[in-house]
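Protein chains: 2
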Amino acid sequence: MNRKWVTMGDVARAAGVGKITVSRALRTPSKVSADTLEKVQKAVMELGYVRDETAGALSSQRSRVVGALVSTLEQPVFASTIRGLEEGLSAGGLQLLLGSTRYQPEKEALMVSTLLGRRPDALVLTSSVHTEDTRRLLRAAGLPVIELWELPETPIHAAVGFSNRAAGRDMTRHLIASGRRAPVFLRTERASDTRADMREKGYRDALDGRQARSLAVPPQEGRSGPDYGAEGLAQIMARWPETDAVVCVSDALAVGALCEARRRGIDVPGALAVTGFGDIDVAGASALDLTTVCIDGAAIGREAARLTLAACDGEDIRGTRIDLGYQLIRRATG
Amino acid sequence: MNRKWVTMGDVARAAGVGKITVSRALRTPSKVSADTLEKVQKAVMELGYVRDETAGALSSQRSRVVGALVSTLEQPVFASTIRGLEEGLSAGGLQLLLGSTRYQPEKEALMVSTLLGRRPDALVLTSSVHTEDTRRLLRAAGLPVIELWELPETPIHAAVGFSNRAAGRDMTRHLIASGRRAPVFLRTERASDTRADMREKGYRDALDGRQARSLAVPPQEGRSGPDYGAEGLAQIMARWPETDAVVCVSDALAVGALCEARRRGIDVPGALAVTGFGDIDVAGASALDLTTVCIDGAAIGREAARLTLAACDGEDIRGTRIDLGYQLIRRATG
DNA sequence: GCAAGTCATGGTATCGATACCATGGGCATG
DNA sequence: CATGCCCATGGTATCGATACCATGACTTGC
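One line per chain: the protein sequences are A and B, in this order.
357 is the number of the first residue of the first sequence in my numbering; add one for each residue after it.
357 is the number of the first residue of the second sequence in my numbering; add one for each residue after it.
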């Protein structure tokens with residue numbers, strides 16, 4: 357394999373100018389005369405030159421890379437968030453370096469450290485609960501950090517999201533207001549899924565003294581959200597037969613729970629309400645028609661990109677908290 | 357914001373050794389005595405040192421970064437592919453730099469060029485049809501390129517995937533074998549979605565002379581797969597009332613088509629079969645129970661990672677074509 | 001008409017880590 | 001005991017682009 361790259365020096369020689377002029381022509385064309393700009397562009401085209409951003413990052417101390425960490429990409433709303441983020445960043449000339457923690461808190465510090473090795477200009481974390489190791493790393497690095505999907509009271513620097521707790525509370529209140537007496541919260545068991553924790557807290561808020569019941573299905577390799585939902589519903593009905601509503605932590609679980617309920621001949625929504633979270637694309641399909649909470653993942657990503665660009669422009673974003681809210685979508689299942 | 361990073365020189369001073377020894381202690385610990393290794397590690401911990409991979413990449417001419425390009429992350433199987441890829445790469449000490457083309461062919465060359473700016477050690481492209489610009493860039497860069505999700509006759513270097521055409525053909529044949537006479541192919545209209553093109557070709561192969569009918573719904577901002585599926589079904593029934601099967605290019609479309617059919621009181625699968633593609637997690641849920649083609653996206657990603665690591669180790673991967681196949685999942689809708 | 005200022009351009013040092021070569025100590029071998 | 005080799009370590013040049021400062025040409029204003 358050919359391992360020779362054309363360098364800025366080659367371009368400079370071909371164009372008959374100094375290297376630095378080539379650099380300016382590409383980075384800040386306004387600082388170069390129209391004449392030389394043209395010569396440089398011609399040489400760039402002819403040689404097929406692609407600037408080495410790594411070298412540029414080293415000398416300018418600005419990498420034009422933003423590191424992002426998500427728990428998983430396989431939840432569609434996170435994928436949308438990343439899309440929004442990537443669109444916004446690339447419009448501003450920044451690139452995205454992606455890592456995933458797979459809900460393992462001990463991986464977070466490791467991944468942050470790996471990302472920091474690339475000297476990103478900012479970091480976007482899709483989570484707001486961090487280990488002490490992670491916090492130490494972030495403090496030492498001293499770069500802008502933007503947290504997504506939750507709104508901590510005191511973000512590290514800035515946060516974009518909505519209140520998972522309020523969303524869980526509103527959904528549960530809605531169920532109670534429409535006559536449900538014994539709603540149960542259904543989730544998967546994950547040590548560091550604080551978004552799920554907050555939704556569950558919201559559920560408990562709404563119950564306010566009444567009996568709160570929560571079931572957490574342990575995740576297993578090779579099984580999917582709907583599997584857990586189906587299994588969870590079976591366990592719930594076995595343990596608490598009087599249950600008349602299941603508040604699921606995600607749409608995937610809700611779809612599984614809903615189908616399992618129907619399979620057992622339980623009348624939904626007559627005898628049992630089932631609600632989800634996220635409003636995935638199939639949630640509104642008429643065979644499911646799931647009552648859920650709609651989150652605009654792409655908007656969260658876009659807003660995060662906007663903040664990131666501002667921070668990279670030197671703006672002080674500390675203390676910014678942007679609440680993008682959520683929307684309770686009432687459909688057929690509750 | 358603090359913009360000062362601890363350097364290798366700082367660590368060397370603190371540990372009382374030379375910089376180069378620190379480099380070796382971190383990169384190839386076996387080449388350093390146990391004694392100095394310990395001293396270096398202690399200094400690293402105390403100073404909170406994180407190696408600057410950018411600088412390392414510049415001097416070693418190996419970035420330990422792999423660029424990946426996908427059409428979209430919002431299709432769950434691509435998300436799984438990326439997960440598999442990322443898991444495999446990070447196990448081998450490589451990082452993933454991600455870009456997305458959003459099905460716009462003219463964006464591909466731009467994105468490839470942007471990725472090449474980071475001097476990746478290899479490139480993974482989730483597509484096999486490239487513009488001439490892209491091919492020129494790849495040739496000039498001369499790095500290993502791995503194509504996913506399709507199996508071109510002559511891959512640039514290596515390819516991992518399955519035959520979309522065979523999958524489309526098998527699904528259609530299955531429908532014909534079970535007595536369907538007038539299957540219609542339903543897809544979204546995207547200029548460069550060659551995977552959809554190949555599935556459609558397979559559909560035509562299976563019809564072999566009989567009348568092939570295909571409907572392409574134009575994509576619009578803010579609408580989702582199920583929307584297109586529902587709309588597509590409506591148009592199909594209006595234009596070709598005798599249709600007794602709809603072969604959808606994706607599960608998301610199939611869910612929409614299925615629900616729309618039911619809403620119209622069409623008996624599925626009695627009067628109409630509906631099939632999908634991808635086996636998304638909710639496809640198997642009993643309310644849908646969709647007949648579809650299952651693709652192991654994560655396996656494609658893992659296999660791609662394996663090849664990438666081999667290529668980075670200097671192995672010649674040219675000509676490798678790995679067919680991971682697919683599985684026709686027969687459920688209730690056809 | 002001359003000082004002051006602006007603009008385009010180039011030279012050189014620098015960013016932080018690694019490759020390459022050099023060096024010196026310790027050990028085995030004859 | 002001398003030779004030779006290996007191992008651990010360090011010095012210096014280098015990767016490719018940019019920051020900073022300098023230079024010279026040319027314009028502007030009184």
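Positions of the beta carbon are idealized from the N, C-alpha and C atoms, including for glycine.
Can you list, in chain order, the residues of its chain with a C-beta nearer than 6 Å to that of residue i? Leave out the 5 residues immediately preceding and following it.
i: ALA371 (chain A); result: LYS395, VAL396, ALA399
i: ALA381 (chain B); result: VAL388, LEU393, VAL396
i: ARG543 (chain A); result: ALA552, ALA572, VAL605
i: LEU441 (chain A); result: GLY657, ALA660, ALA661
i: THR550 (chain B); result: VAL485
i: VAL433 (chain B); result: GLY634, ILE651, GLY653
What did DSSP end up calling residue i once you bin it into helix, strand or coil?
i: SER606 (chain B); result: coil
i: VAL378 (chain B); result: helix
i: ASP697 (chain A); result: Coverage of chain A is limited to positions 357 through 690, which leaves residue 697 (chain A) absent and any answer about it impossible.
i: ASN358 (chain B); result: Because the pLDDT at ASN358 (chain B) is just 49, under 50, the model does not fix this residue reliably, and the point stays unresolved.
i: ILE438 (chain A); result: helix
i: GLY621 (chain B); result: coil
i: ILE685 (chain A); result: strand
i: SER469 (chain B); result: helix
i: GLY455 (chain B); result: strand
i: GLY690 (chain A); result: coil
i: THR631 (chain A); result: strand
i: GLY449 (chain B); result: coil
i: LEU493 (chain A); result: helix
i: GLY444 (chain A); result: helix
i: VAL516 (chain B); result: strand
i: ASP641 (chain B); result: Checking the sequence, you will find Ala at residue 641 (chain B) rather than Asp. The answer is coil: DSSP assigns ALA641 (chain B) none of H, G, I, E or B.
Could you please give the first and the last residue of the uninterrupted beta strand (DSSP E) stretch that includes residue i?
i: ILE502 (chain B); result: 501-504
i: SER570 (chain A); result: 569-573
i: SER406 (chain A); result: With the sequence shown as reference, residue 406 (chain A) is identified as Val, and Ser is not the correct amino acid for it. Counting along the chain, VAL406 (chain A) falls outside any beta strand (DSSP E), and DSSP gives it neither H nor E.
i: VAL480 (chain B); result: 478-481
Return the CA-CA distance between residue i and residue j, expressed in angstroms with no decimal places.
i: GLU671 (chain B); j: GLY423 (chain B); result: 19 Å
i: ARG525 (chain A); j: VAL649 (chain A); result: 11 Å
i: TYR682 (chain A); j: ALA522 (chain A); result: 9 Å
i: SER519 (chain B); j: GLU659 (chain B); result: 16 Å
i: PHE633 (chain A); j: LEU429 (chain B); result: 20 Å
i: LEU628 (chain B); j: ILE622 (chain B); result: 7 Å
i: GLU402 (chain B); j: ARG491 (chain A); result: 15 Å
i: GLU577 (chain A); j: SER427 (chain A); result: 16 Å
i: ALA368 (chain B); j: SER415 (chain A); result: 22 Å
i: MET527 (chain B); j: MET467 (chain A); result: 42 Å
i: GLU464 (chain A); j: HIS513 (chain B); result: 35 Å
i: ALA562 (chain B); j: GLU509 (chain B); result: 21 Å
i: LEU445 (chain B); j: LEU481 (chain B); result: 15 Å
i: ALA390 (chain B); j: ALA654 (chain B); result: 40 Å
i: MET554 (chain A); j: MET554 (chain B); result: 45 Å
i: PRO574 (chain A); j: GLU409 (chain A); result: 44 Å
i: ALA667 (chain A); j: LEU454 (chain B); result: 22 Å
i: SER469 (chain A); j: SER642 (chain A); result: 46 Å
Among the residues of its own chain, which have a CB less than 7 Å from the CB of residue i, if the five just before and after it don't count?
i: SER379 (chain B); result: MET364
i: PRO625 (chain A); result: ALA688, THR689, GLY690
i: PRO461 (chain B); result: THR487, ALA547, SER548
i: GLY581 (chain B); result: SER606, ALA608, LEU609, GLY612
Under DSSP, the alpha helix (DSSP H) around residue i begins and ends at which residues?
i: PRO582 (chain A); result: 581-595
i: ALA390 (chain B); result: 390-403
i: ARG658 (chain A); result: 653-668
i: THR648 (chain A); result: First-last for THR648 (chain A): 648-650, but that is the beta strand (DSSP E), not the alpha helix (DSSP H).
i: ARG543 (chain B); result: Note, ARG543 (chain B): premise wrong, no alpha helix (DSSP H); beta strand (DSSP E) at 539-544.
i: GLY558 (chain B); result: 550-563
i: GLY423 (chain B); result: Here GLY423 (chain B) belongs to no alpha helix (DSSP H); instead the beta strand (DSSP E) covers 421-426.
i: THR363 (chain B); result: Where THR363 (chain B) is concerned, there is no enclosing alpha helix (DSSP H), given that its DSSP letter is neither H nor E.
i: ALA533 (chain A); result: 520-533
i: GLY412 (chain B); result: 409-416
If you measure from the CB of residue i, is any heavy atom of the ligand GTP nearer than 7 Å?
i: SER389 (chain A); result: Questions concerning the ligand GTP fall outside what the structure shown contains, since it holds no ligand whatsoever.
Can you list, in chain order, the residues of its chain whose CB lies under 8 Å from that of residue i, leaving out five sequence neighbours each side?
i: LEU644 (chain B); result: VAL611, LEU614, VAL638, THR689
i: ARG686 (chain A); result: HIS530, THR647
query: If we count Cβ pairs, one from each stretch, closer than 8 Å, do we get three or more for the region 613-621 of chain B versus the region 579-587 of chain B?
result: These segments touch.
- request: Decide if the region 474-481 of chain B is in contact with the region 495-503 of chain B; the criterion is three or more beta carbon pairs, one per stretch, under 8 Å apart.
  value: Judged by Cβ distances under 8 Å, the region 474-481 of chain B makes contact with the region 495-503 of chain B, as three or more pairs qualify.
query: Just checking, does the region 449-469 of chain A make contact with the region 418-438 of chain A on the three C-beta pairs under 8 Å criterion?
result: Counting C-beta pairs closer than 8 Å gives three or more between the region 449-469 of chain A and the region 418-438 of chain A, which meets the contact rule.
query: Does the region 534-542 of chain B come close enough to the region 550-568 of chain B that 3 or more CB-CB pairs lie under 8 Å?
result: Verdict: yes, contact present.
message: Under 8 Å: do the region 503-517 of chain A and the region 673-681 of chain A share three or more Cβ pairs, one atom per stretch?
response: Touching, yes, given that three or more Cβ pairs across the two stretches are closer than 8 Å.
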